[in-house]
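Numbering (the working numbering), first residue to last: 9 to 320.
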């Protein structure tokens with residue numbers, strides 16, 4: 009029985025130097041980045057390897073970079089005989105990576121789309137005006153109420169429910185800072201500002217919807233060959249129109265990551281492979297679910313381990 013899920017990271021996973029070691033062993037990494045560089049009109053591999061981080065962290069740079077890195081790892085996985093998963097899912101931006109790897113969207117279209125998505129998001133909230141932070145150690149309900157209390161005519165709200173005691177918030181920078189202070193006073197174990205230049209998954213993104221919908225309508229979306237669990241409903245959609253609708257709502261709706269993982273568990277998933285930069289999702293899965301195998305795959309050692317366990 010197939011018990012494998014492949015998951016893909018979202019923004020904040022980017023880092024200067026990502027996939028460098030993997031590229032030294034597998035030419036397909038640089039080949040994939042070269043393909044995307046031609047689409048974008050600049051050398052995205054150079055940006056990813058040399059930075060600066062301030063440029064890579066700009067949302068319209070980070071989104072194509074993470075997408076490309078995730079697709080590169082997936083391509084190597086298939087090249088090396090890795091098995092087809094039962095389910096795919098992605099956190100936020102990672103949903104686009106999942107759709108590309110599940111063959112519901114081609115790489116060319118996805119790269120152009122997420123670059124434009126990033127630009128539209130940045131236009132909606134000028135650089136430095138918005139923020140996102142991770143709150144660890146408080147319940148979803150407590151964080152929600154603290155956001156409501158700290159708004160003061162600004163926007164701040166939960167942007168991602170990652171697991172028990174792990175909530176991401178987003179909104180105006182001043183409001184996010186107020187909530188951070190309130191959460192600290194309420195006993196939060198840890199608060200971390202994210203390296204993201206726009207406040208995703210909150211109502212500040214609603215002005216983007218009309219323009220983004222027009223761009224999304226230009227893209228051919230087909231029925232994925234592998235089920236993809238979406239972010240906003242934590243369910244699998246097969247119809248292209250429903251996939252489009254979910255991607256639009258994702259802009260201003262919280263990510264239901266914990267429910268996505270629970271959906272996978274209910275589908276008898278026992279193994280999770282995170283493909284792409286970083287190991288954020290692997291950490292979340294390990295901290296919230298017991299009796300499953302979880303591994304981040306982004307270097308030769310982790311790839312070799314994953315292949316041994318999950319080869320066709």
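Cβ atoms here follow ideal geometry from the backbone N, Cα and C, with glycine treated the same way.
Since the structure is predicted, the reported quantities are computational estimates derived from the model, not experimental observations.
Going by beta carbon distance, what residues of the same chain come within less than 7 Å of residue i, once the five residues before and after it are set aside?
i: residue 158; result: 164, 183, 186, 187, 190
i: residue 137; result: 180, 181
i: residue 127; result: 68
i: residue 238; result: 103, 245, 254
i: residue 170; result: 176, 265, 266, 292
i: residue 135; result: 205
i: residue 308; result: 29, 30, 33
i: residue 201; result: 139, 141
i: residue 275; result: 94, 95
Tell me where the beta strand (DSSP E) around residue i begins and ends.
i: residue 279; result: 279-283
i: residue 33; result: No beta strand (DSSP E) contains residue 33, which is instead part of the alpha helix (DSSP H) from 28-33.
i: residue 202; result: First-last for residue 202: undefined, no H or E at that position.
i: residue 13; result: 12-16
i: residue 304; result: 301-305
i: residue 291; result: Segment 288-296 is the alpha helix (DSSP H) holding residue 291; no beta strand (DSSP E) there.
i: residue 97; result: 95-98
Compare the C-alpha of residue i against each of the options and name the closest.
i: residue 251; options: 61, 104, 48; result: 104
i: residue 194; options: 149, 203, 178; result: 149
i: residue 77; options: 98, 40, 95, 122; result: 40
i: residue 129; options: 79, 111, 258, 114; result: 258
i: residue 241; options: 168, 192, 206; result: 168
i: residue 102; options: 49, 285, 207, 308; result: 285
i: residue 114; options: 45, 232, 208, 171; result: 232
i: residue 243; options: 97, 177, 206, 154; result: 97
i: residue 95; options: 315, 278, 235; result: 235
i: residue 47; options: 14, 120, 92; result: 120
i: residue 30; options: 283, 225, 298; result: 283
i: residue 172; options: 42, 43, 12, 297; result: 297
i: residue 209; options: 248, 227, 125; result: 125
i: residue 13; options: 293, 230, 56; result: 293
i: residue 323; options: 312, 306, 318, 314; result: With the chain represented from 9 up to 320, any question about residue 323 goes unanswered, as that position is not in the structure.
i: residue 161; options: 118, 112, 122, 212; result: 212
i: residue 249; options: 315, 226, 269, 271; result: 226
i: residue 38; options: 9, 59, 80; result: 80
i: residue 303; options: 100, 318, 281; result: 281
i: residue 106; options: 317, 217, 16; result: 16
i: residue 247; options: 262, 228, 55; result: 228
i: residue 218; options: 147, 132, 271; result: 132
i: residue 118; options: 90, 73, 91; result: 73
Just reading off the alpha helix (DSSP H) that residue i is part of, what are its end residues?
i: residue 61; result: 61-64
i: residue 48; result: 36-48
i: residue 123; result: 115-132
i: residue 90; result: That residue, residue 90, is in no alpha helix (DSSP H); it is neither H nor E in DSSP.
i: residue 106; result: 102-109
i: residue 56; result: 52-58
i: residue 314; result: 308-318
Can you name, in chain order, every residue of its own chain whose Cβ lies under 6 Å from the Cβ of residue i, other than the five neighbours on each side?
i: residue 214; result: 260
i: residue 84; result: 34, 36
i: residue 82; result: 109, 283
i: residue 311; result: 305
i: residue 196; result: 143, 145, 146
Within the same chain, show all residues whose beta-carbon is closer than 8 Å to that of residue i, passing over the 5 residues directly before and after it, in chain order.
i: residue 151; result: 143, 166, 175, 177, 187, 191
i: residue 199; result: 141, 142, 143, 144, 188, 191, 192
i: residue 45; result: 51, 52, 53
i: residue 203; result: 20, 22, 61, 65
i: residue 277; result: 11, 12, 13, 94, 95, 300
i: residue 57; result: 24, 25, 28
i: residue 42; result: 53
i: residue 100; result: 18, 19, 168, 208, 209, 239, 258, 263
i: residue 220; result: 124, 125, 128, 256, 259
Can you check the segment 220-278 for any alpha helix (DSSP H) of at least 4 residues that lies completely inside it and give the ranges in chain order? The segment 220-278 contains these whole alpha helix (DSSP H) runs: 248-258, 265-274.
Unbroken beta strand (DSSP E) runs of length 3 or more, entirely within the segment 142-222: which are they? 164-171, 174-180, 198-201
For the structure I just gave you, are there three or more beta carbon pairs, one from the segment 286-299 and one from the segment 14-21, closer than 8 Å? The segment 14-21 and the segment 286-299 touch, with three or more beta-carbon pairs separated by less than 8 Å.
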